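Working notes, structure below.
Residue numbers (the numbering used here): 64 to 131.
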């Protein structure tokens, strides 16, 4: 997750902190963006996450499971 200023983030989709990778991927897949704002429980912007980061993390999880 990368922390950035609020600038252009206002038009990005929002993923709640603690959401699963699958839920975050779905939010981005259903939008026209490849980056989402990560927001805490109080709505405060904590940073951003992009679809590439999510798919990379999911791939690593699958590979780790196959090697177990």
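Virtual Cβ for every residue (Gly too), placed ideally from N, Cα, C. Given the structure is predicted, the values throughout are model-derived calculations rather than measurements.
If you follow the beta strand (DSSP E) that residue i is in, where does it begin and where does it stop?
| i | result |
| --- | --- |
| residue 127 | It is not in any beta strand (DSSP E) - residue 127 instead sits in the alpha helix (DSSP H) that spans 114-129. |
| residue 98 | 98-102 |
From the DSSP output, in three-state form, read off residue i for me.
| i | result |
| --- | --- |
| residue 64 | Note on residue 64: pLDDT 44, under 50, position unreliable in the model; the coordinate value appears next. Residue 64: coil per DSSP, three-state reduction. |
| residue 92 | helix |
| residue 84 | helix |
Who are the near neighbours of residue i in its chain, counting only those whose CB is closer than 8 Å to its CB and skipping five residues on each side?
| i | result |
| --- | --- |
| residue 86 | 78 |
| residue 117 | 84, 87, 88 and 91 |
Please go through the same chain and pick out, in chain order, the residues whose beta-carbon is closer than 6 Å to the beta-carbon of residue i, but skip the five residues on each side of it.
| i | result |
| --- | --- |
| residue 92 | none |
Below 7 Å CB to CB, which residues in the same chain sit around residue i once its five sequence neighbours on both sides are set aside?
| i | result |
| --- | --- |
| residue 82 | none |
| residue 90 | 76, 78 and 99 |
Where DSSP assigns a beta bridge to residue i, which residues make up the other side?
| i | result |
| --- | --- |
| residue 106 | Answer is none; residue 106 lacks a bridge partner. |
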